[in-house]
Every structure is written in structure tokens, then in C-alpha cells.
Amino acid sequence: MALFFSIFPIILLIYLMIKRNALPSYVALPWIAVVVLIIQLIFFSTDITIISANIVSALIAVQTPITVIFGAILFNRFSEISGATDILRKWLGNINPNPVAQIMIIGWAFAFMIEGASGFGTPAAIAAP
């Protein structure tokens, strides 16, 4: 029975996100969090202080990717405002006029430059889209 209650939220999440009128993740995930909370309280008889500590821990842990993405957006905006994006665009055009080669340079060298300038995770947030 414990196995069923442990797997149930995952199965429910998959169902909610792939059904015909699928829920977006920002709607489905909070619902699943409530389901997990209810299962922990009723079936597993978890102490409310442990659940509260886990909620606080999760809220703190989620700040890392949010701050990385915020920093990437901020870096991108500052580079556009300061004109650094135009300088990089001209530099890229001078290296090789071939658009395919430019894409390869952006995917390889540009990501490393941003990594060095602003920190971990930023190239994935800026160069990938």
C-alpha cells in the first residue's frame, strides 16, 4: 500500500499533463503538492513540523534556478542597452560570413563567454533559445 501511495502522485501528474485537455505545469504541480501533503498527513502520519520544514527547504532550493535565470535576463538586457550585443554581432560577421558557421560559433564560443562573465547556468538560459 505504501508503494501505491508513493507512486500515485507521479502517475497523477503524468495523467494531468498528457490528457486531452492537459493542465500546464504551473497548475498541475501545485495540485500534486497538495495531494502529496494530504498523503503524508493521512497515510504516512508525518509530523506537521517535518512537512513544514520540507516546504521551507523546497522554497529555498527553488531560488537557485530562479536567480540564475534572472541574472541571465539581466545580463542580456544590460548587454543590449550598453551596445555590447551590436559589437558582438559585428565581430561575429567579421569572423565568418557563413550563417552556419556563425551558429556554430554562437553555440560554442558565445556560451563559454557568458559562462565566464555571469556564472553557472546562464548559457543555457540565453544561448539555447
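Residue numbers for the sequence shown follow my numbering, beginning at 111 and rising by one. Backbone N, C-alpha and C fix where the C-beta goes; we use that ideal spot for every residue, glycine too. Just so it is clear, the structure is predicted and the values come from calculations on it, not from any experiment.
Item	Value
What first and last residue would you give for the alpha helix (DSSP H) that runs through F114?	A112 to I128
State the CB to CB distance for the pair L126 and A132, rounded to an integer number of angstroms; the pair is presumed to be in contact (CB under 8 Å).	7 Å
Do you know how far the Cα of I148 is from the Cα of I120?	14 Å
CA-CA distance, F115 and F153?	8 Å
Check this for me: beta carbons of Q150 and I142, under 9 Å apart or not?	no
Can you round the beta-carbon distance between V145 and L122 to whole angstroms, since I take them to be within the 8 Å contact cut?	6 Å
Is the beta carbon of L202 closer than 9 Å to that of I216?	yes
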